[in-house]
Every structure is written in structure tokens, then in C-alpha cells.
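Report on the following structure.
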Amino acid sequence: MSDLLAPVRAQTRPDDRPGESLQVSGLAKSVPGGRQLFDGLSLSVAGGEIVAILGESGVGKSTLLNILAGLDEPDQGEVRVGGERIGPLDEAGRTRLRRERIGFVFQAFHILPYLTLGQNVGLPLALVRSDARAIGERARAMLEAVGLGGRAEDYARDLSGGELQRVAIARALIHEPALILADEPTGNLDPDTAARVLDLLAAAVRRTGAAAVIVTHSRATARIADRVLTLTASGLRDDTAKEVLADGR
Ligand SMILES: Nc1ncnc2c1ncn2[C@@H]1O[C@H](COP(=O)(O)OP(=O)(O)OP(=O)(O)O)[C@@H](O)[C@H]1O
């Protein structure tokens, strides 16, 4: 699989990857009603690094992920993706930044059922480039990399949950984003499929040099992370050592 990703890697923008692919500083957010979800939250994630964020339901994990994607506005603080500040960008600028620099693996997949797998995976590139033949080739290589080689012409509506999740990972990585944002990437998958999908995600992240932030309730997901952080009412706590001990790593 790694060899199949190599041609994709060769077409990335070499000047585009500063040491820290995600930098968050001094983030504050409260929800309507006044409850403060976080205040003074800072986080840096380097290219090729996977950070898992755990935390109780309602603590603000999805809100944080939405702020990192420029889909929600913090009350204070700054987010940089691939060195670019989200704050000053208008909607068009944020859309461009998401298309160019961020890959999403969200719970509902957002895989379009009436497009083929090749069209689904190629979509992030088709939004910013027009060479359909090259996009098709890269989409096929990405599908092969996630174990769906030869399926580019199949329709997404016919896939199982695990297959859809693999398509979502291929699509998230095809444009070599600086940042991967994943929300429960193994939600609804059986343990074996979940383990395979996670290993695939981890290998692809390392190979492409993206920074990855994975929000999850699952300790199995945290297993592939370099750092395990828990979001609490008083901020992000580094639980990596605890998770490593619990896992016997
Ligand atoms: N637009 C909004 N208006 C009011 N409250 C909101 C809004 N958005 C989020 N919240 C509240 O903010 C809190 C954090 O929500 P969020 O979805 O970020 O939590 P979470 O940690 O991702 O939870 P879960 O693990 O259950 O998905 C919740 O209490 C939620 O009800």
C-alpha cells in the first residue's frame, strides 16, 4: 500500500509543510447560555503525528473539531493549519483552506451514494483541479491503497459500513492535506473492521505526513495515536502515559 501512495506524495507542495501542521493557541469557547467549554486551550500537532482526543459526552470535542476546521468560531484564540491562520479568512477563504489543506473523516462519512467510488474519492481534487484523467488515476491508486482496488466503477450505495469508511479515508487523503480531522472514524464498525480501518488510517497519515486529530470515545482508536489527550472542563490533559500503560505498549 505504501508504494501506491508514493506517486501521490510526489505531487505535493514541498513548501507547504512547516514542522507543525496544526497550531492552536489560547482558544476559548462558550456555548449559548454562557457555559465555558474551554479557555486558553493550546495544541500543536506535527506532520505525521496522530493525536487522539478523548473526553466525556458534551465536554466540547466536536465543537473543538469544528473550530479547527473553520466551521465554528472561537471566542478567542488562533488556529493555524499548514501555517495559515483561519481567523482572518472570510467564508470563501475558509472553504478554499478546507478544500486544499484539510481531509475529513466524519461519522456520517458524507460519501455520495449515487457517485462511483472513483468519483467520491476524486472529489476533493475535482474541486480544485480539472485534469479528470489524472484525478481518476489518483483516485484508483488511493482506492487500491485502502484495499478497494478494482472497485472504482462501483457505486457507493452498494458498500458495507467498513467499505464506506475506507472510501472516506481514501477521499480524506487524496489531496495530501496538511491536516486530517476525524470524528469517531470507527463508529458503527465491528472490532475487526475497526482495527483494520485504524491501521490503514495510521499508515496513510504517516506516509503522507499529515497531522491527524481524532476525536473518539474508543480506547482502541487511541491505541494508534502518538498522543492521547483528554478534554475536560479545565482543558486538555495529556493521558498518553496512562493509555500506554493500560495498553501494555
Ligand atoms: N449551538 C449550540 N447551542 C447551544 N449549545 C451548544 C451548541 N453547540 C454545542 N452546544 C453544547 O456544547 C456542548 C459540547 O458539545 P459537543 O458536541 O462539542 O460535545 P462532545 O464532547 O463532542 O460530545 P459527544 O461526545 O456527546 O459527541 C454540549 O453541551 C452541547 O449541548
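Letter by letter, the sequence shown follows residues 1 to 249 in the UniProt record's numbering. All residues carry an ideal CB built from backbone N, CA and C; glycine is no exception.
Within 8 Å, strictly: CB atoms of residue i and residue j
| i | j | result |
| --- | --- | --- |
| residue 117 | residue 72 | no |
| residue 181 | residue 53 | no |
| residue 120 | residue 171 | yes |
| residue 129 | residue 148 | no |
| residue 41 | residue 209 | no |
| residue 49 | residue 241 | no |
| residue 138 | residue 174 | yes |
| residue 135 | residue 122 | yes |
| residue 65 | residue 215 | yes |
| residue 51 | residue 225 | yes |
| residue 59 | residue 233 | yes |
Check: residue i C-beta below 7 Å from any heavy atom of ligand 1
| i | result |
| --- | --- |
| residue 218 | no |
| residue 164 | no |
| residue 41 | no |
| residue 177 | no |
| residue 55 | yes |
| residue 259 | This structure does not reach residue 259, given that the chain is present from 1 up to 249, and the question cannot be answered. |
| residue 234 | no |
| residue 51 | no |
| residue 262 | A query on residue 262 cannot be resolved here, the shown segment of the chain reaching from 1 to 249 and no further. |
| residue 60 | yes |
| residue 221 | no |
| residue 186 | no |
| residue 193 | no |
| residue 79 | no |
| residue 63 | yes |
| residue 32 | yes |
Cβ distance (whole Å) where residue i is taken to contact residue j below 8 Å
| i | j | result |
| --- | --- | --- |
| residue 113 | residue 141 | About 23 Å; that fails the 8 Å criterion. |
| residue 185 | residue 201 | 6 Å |
| residue 37 | residue 30 | 6 Å |
| residue 238 | residue 227 | 7 Å |
Own chain partners of residue i with C-beta closer than 7 Å, once the 5 adjacent residues on each side are dropped
| i | result |
| --- | --- |
| residue 102 | 69, 81, 177, 179, 181 |
| residue 98 | 69, 70 |
| residue 250 | Since the first and last residues shown for the chain are 1 and 249, residue 250 lies out of range. |
| residue 78 | 25, 26, 85, 87 |
| residue 125 | 135, 138, 174, 175 |
| residue 218 | 186 |
| residue 74 | 27, 28, 29, 67 |
| residue 61 | 53, 55, 215, 231 |
| residue 12 | With a pLDDT of only 39 at residue 12, under the threshold of 50, the placement of this residue in the model should not be trusted; the figure read from the coordinates follows. So the qualifying residues of the chain are 176. |
Other residues of its chain near residue i: CB distance less than 6 Å, five sequence neighbours each side excluded
| i | result |
| --- | --- |
| residue 195 | none |
| residue 47 | 17, 21, 209, 211 |
| residue 39 | 28 |
Nonlocal neighbours in the same chain, by C-beta distance under 8 Å from residue i, ignoring five residues either side
| i | result |
| --- | --- |
| residue 115 | 123, 155, 156 |
| residue 33 | none |
| residue 100 | 128, 175, 177 |
Proximity test, residue i beta-carbon vs ligand 3 heavy atom, cut-off 7 Å
| i | result |
| --- | --- |
| residue 180 | For the structure depicted, ligand 3 is absent and the ligand set comprises only ligand 1. |
Exercise. Please specify which runs of the alpha helix (DSSP H), each continuous and at least 4 residues long, are wholly inside the stretch 193 to 229, giving them in chain order.
Key: 219 to 222
Quiz item: What are the uninterrupted segments assigned as alpha helix (DSSP H) that are 4 or more residues long and contained completely in the stretch 154 to 178, given in chain order?
Solution: 161 to 173
Practice problem: Could I get the ranges of all uninterrupted alpha helix (DSSP H) runs contained in the stretch 68 to 103, with 4 residues as the minimum, in chain order? | Solution: 91 to 101
Quiz prompt | beta strand (DSSP E) runs wholly inside the stretch 99 to 148, at least 3 long, in chain order | solution = 102 to 105
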